[in-house]
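Enquirer:
Residue numbers (this note's numbering): 7 to 302.
1. Would you say the stretch 143-150 touches the stretch 74-92, given that touching needs at least three Cβ pairs under 8 Å?
2. DSSP three-state call for residue 287: helix, strand or coil?
3. Tell me whether the beta-carbon of residue 33 lies closer than 8 Å to the beta-carbon of residue 189.
4. When DSSP builds the beta bridges, which residues end up paired with residue 60?
5. May I have the straight-line CA-CA distance separating residue 209 from residue 165, to the nearest angstrom?
6. Measure how close the beta-carbons of residue 89 and residue 266 come, nearest whole angstrom, since I'm counting them as under 8 Å.
7. Smallest Cα separation from residue 287: which of 137, 120, 72?
8. Considering just the uninterrupted stretch of the alpha helix (DSSP H) at residue 202, what are its terminal residues?
9. So which of 103, 224, 65 has the shortest CA-CA distance to residue 195?
10. In angstroms with no decimal places, state the Cα-to-Cα distance between residue 281 and residue 124.
11. Quick check on DSSP: helix, strand or coil for residue 256?
12. Roughly how far, in whole angstroms, is the beta-carbon of residue 271 from the beta-carbon of residue 15, given that I think they are within contact range, below 8 Å?
Here it is as structure tokens:
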């Protein structure tokens with residue numbers, strides 16, 4: 007029996023194109039208003055660094071938005087299904103350390119290279135062209151990996167819900183991002199990241215209250231607990247203490263934590279996007295912004 011998506015393709019295309027162009031139009035309008043009434047000039051420096059005056063609130067929301075990618079929603083759910091409560095706990099633990107440690111690097115970047123535009127500039131100035139070439143390769147591979155994962159993960163969700171072809175979703179999803187970035191530069195990405203973070207928090211609250219308060223199937227923490235105990239009796243988790251979904255003593259969960267922890271260092275420290283946020287931040291707001299974003 008073939009799977010029938012719960013929503014139509016028209017809804018899928020409407021969400022992809024409609025939301026994309028809504029964000030693009032909003033950022034174009036914001037850029038125009040700032041230029042018209044706040045006398046902001048969109049120079050190449052402002053385009054790539056936002057004047058280096060972004061405050062900690064926008065920095066932290068941008069970090070949260072950047073780190074809430076496809077795996078945050080899909081992989082965390084998968085490991086919760088496979089390993090129980092230890093799965094999402096180890097997923098979150100393995101994705102928090104890097105951003106908090108990066109805060110130290112961010113403040114050092116602001117202190118020692120205040121006029122830099124990318125971390126590769128600093129590498130070239132400090133270590134020369136050969137090391138620069140090596141880090142270009144590492145950075146390029148990291149961005150290809152992250153971009154591919156974001157597009158395929160997002161398109162897979164859209165395809166599952168609406169039946170929109172995966173290839174079409176992969177090509178249409180970035181269009182809105184390209185448009186608002188082209189007009190507003192990195193400041194536009196900070197503003198949209200703030201909106202994304204607000205939407206993420208709203209969705210989290212909706213899911214939490216539905217699961218633990220209003221759902222007819224669940225509706226309370228006690229009901230969730232009882233159902234997880236019953237699920238462990240029917241389908242015990244291999245490698246977990248007593249096969250329970252509610253234990254932190256999970257062999258596979260601990261192995262996943264190590265893999266997740268090591269892998270995420272590369273996706274943070276070799277992604278120029280995190281350095282761009284540090285470069286755009288005001289010197290006194292870079293450190294608290296990254297620490298708040300990492301803890302969030």
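Glycine included, every Cβ here is placed at the ideal spot set by N, Cα and C.
If you're wondering where the values come from, they're calculated on a predicted model, not measured in any experiment.
Expert: Concretely, from the data shown:
1. no
2. strand
3. yes
4. 287
5. 20 Å
6. 12 Å between Cβ atoms; not a contact.
7. 120
8. 172-215
9. 65
10. 7 Å
11. strand
12. Contact doesn't hold; Cβ gap of about 39 Å is too wide.
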